[in-house]
Structure formats: C-alpha cells, structure tokens
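Residue numbers (this note's numbering): 4 to 153.
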C-alpha cells in the first residue's frame, strides 16, 4: 500500500505481525526498508497475526488490522514516512480479517471473520482516531470489505 505522495510503501505481515515502511525509488524500481514495528502490544502472549492495511486519503494516517488482539491499530505518518502509534481500538468483533475506508474518509468498515460481524468505526479525519459507530451487521464468515467507486 503506497502513501498519498507515492514516496513510501506500507506493508503488514501476517505471521510475524509487523508493519513495515519502505522508501520507494521509482527510478531504480527499488524498495528500501525504513522502519519495522510490531503491531502487537508489548507483553502480548497470544498468537500474533496481522491482516489488512490502509492509508488515509490525505496520507497522514495508517490503519492496520491486528487479528491477534481483535484491534485496529492507528499510526501517524511523519514527514519522513515513518510511523508512530497513536491508538489501539477494538474491532468490535473477533478476528478482524479485512476492512475498507469509504470514499468520504469518515468510516472504516471492518469484517470480523470469527464473530461473523461487519462493524462500522467512525474516523476523525483531523486526528485519525477511530471510535465505534455502534453499527453492526451479522455476516457469516465475513472476510473482505471493499468500496467500489464508479
């Protein structure tokens, strides 16, 4: 997933549960690792698992699904492209597999595979922070959310 300016790429790993930042050299076609952070909280002893990743439309925030702790982790993007964690919020279900940010940038919709729920989180576009919108739909084995612009 590339940031808004195309200079940095962001990747989440599934089994090691890390978020990685790469610098992109378009002339050389080369990615260079700039940062790697664990998405699990310090001291978490359960099974670690990363899933979805998205960058806000303005490029100021990165969102990562943390399946191991049933959370969405929010990061602020520095001018250097590096990330700093600003929030951990419950996905309002179990095993957040995928999520999508709607075209207005106001809503993050998360598919929780194990609990069979699709939940809506509100995005504060200024701070990047999330909060539950209190909206949920039962969908058996929900695994993918996508918004289609057409």
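Even for Gly, the Cβ is constructed at its ideal location relative to N, Cα and C.
For residue 94, the nearest candidate out of 133, 52 and 6 (CA to CA) = Translated into positions along the chain shown, residue 94 becomes position 91. For residue 94, the nearest C-alpha among the options comes from 133.
Just the C-alpha distance for residue 97 and residue 130, rounded to the nearest angstrom, thanks.
-> Counting from 1 along the chain shown, the entry for residue 97 is found at position 94. Counting from 1 along the chain shown, the entry for residue 130 is found at position 127. Looking at the two C-alpha atoms, the distance is approximately 26 Å.
Does DSSP classify residue 109 as helix, strand or coil?
-> Your numbering for residue 109 matches position 106 in the chain shown. If DSSP states are grouped into helix, strand and coil, residue 109 belongs with coil.
Thinking just about the alpha-carbon of each residue, which of 43, 150, 18 and 22 is nearest to the one in residue 85?
-> Taking the chain shown and counting its residues from 1, the one referred to as residue 85 is at position 82. Closest by alpha carbon: 22.
Determine the direct distance from the alpha carbon of residue 145 to that of residue 5, and round the result to whole angstroms.
-> The residue given as residue 5 occupies position 2 in the chain shown. The residue given as residue 145 occupies position 142 in the chain shown. Between residue 5 and residue 145, the C-alpha separation is close to 25 Å.
Have a look at residue 151 and residue 118 and give me their C-alpha separation to the nearest angstrom.
-> Taking the first residue of the chain shown as position 1, residue 151 is located at position 148. Taking the first residue of the chain shown as position 1, residue 118 is located at position 115. Near 25 Å, if we compare the C-alpha coordinates of residue 118 and residue 151.
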